[in-house]
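Numbered according to the numbering used here, the sequence shown spans residues 47 to 208.
Where is the CB? At the ideal position from N, CA and C, for every residue including glycine.
The structure displayed is predicted, hence computed values, not measured ones.
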Amino acid sequence: MAEGLAIILDVLETEFRGKSWNGLSLAPTLGKLGAAEAARTDTFEGYSAWSVALHCTKCKILAARDLGVAAPEWAFPAETWFPEPGDKGQPAWDRDRATLADAHDAMMAGLRAFPASSLGDEMPTWKSPWETVIAWLVTHDSFHGAQVRSMGLPTFRTKRHD
47 MAEGLAIILD VLETEFRGKS WNGLSLAPTL GKLGAAEAAR TDTFEGYSAW SVALHCTKCK
107 ILAARDLGVA APEWAFPAET WFPEPGDKGQ PAWDRDRATL ADAHDAMMAG LRAFPASSLG
167 DEMPTWKSPW ETVIAWLVTH DSFHGAQVRS MGLPTFRTKR HD
């Protein structure tokens, strides 16, 4: 793997579960929420944090599969991008966050094995070059982590830095 690609993939990992410069990364952001709060749709945009987590899961599953890596099953209709969970209990929230982590790990394994010489090749599902998809994936986790923190959920209603 080219050194530049390795650096970008390290940033992708950081934006998912590391110490990001952009605020709390996605997985720790979601981890601060219990199931009841994650399921709330009385947010600024009307999305629940849970549906955002499921959306991120779907994107990672699609990328992993297009990379030829086994990934978790998508439990919702294929055309659904921001599903609401049926079961909104804590065990289901824990399971869905674990599935997100599994999908992320599968995608990262595929990306770390991806040859830099194929960056210009088209990702089958999204019909865009892999180099564009990878750049977008880095911003995707960062965006959705910030989105969840800005939804107006009580857990994230804290005083700003002085």
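Burial state of residue i, where buried means 16 or more other Cβ atoms lie within 10 Å
| i | result |
| --- | --- |
| F62 | buried |
| W139 | buried |
| K65 | exposed |
| P200 | exposed |
| A116 | exposed |
Three-way DSSP call (helix, strand, coil) for residue i in this model
| i | result |
| --- | --- |
| M153 | helix |
| S174 | strand |
| E83 | helix |
| E168 | strand |
| R195 | helix |
| W182 | helix |
| S71 | coil |
| K106 | helix |
Proximal residues to residue i (C-beta, below 7 Å), its chain only, five neighbours per side dropped
| i | result |
| --- | --- |
| R141 | none |
| K104 | W120 and W127 |
Cutoff 6 Å; reference residue i; Cβ partners in own chain excluding five residues on either side
| i | result |
| --- | --- |
| R143 | L76 |
| M153 | K106, A109 and A110 |
| T89 | M197 and G198 |
Supposed close pair residue i, residue j - CB separation, criterion 8 Å
| i | j | result |
| --- | --- | --- |
| G156 | G114 | 7 Å |
| P12 | A149 | Nothing in the structure corresponds to residue 12, since the chain is present only between 47 and 208. |
| A162 | L51 | 5 Å |
Sequence-distant residues of the same chain with beta carbon closer than 8 Å to residue i, five excluded per side
| i | result |
| --- | --- |
| E59 | M154 |
Whether residue i touches residue j by CB criterion (7 Å)
| i | j | result |
| --- | --- | --- |
| P129 | F122 | yes |
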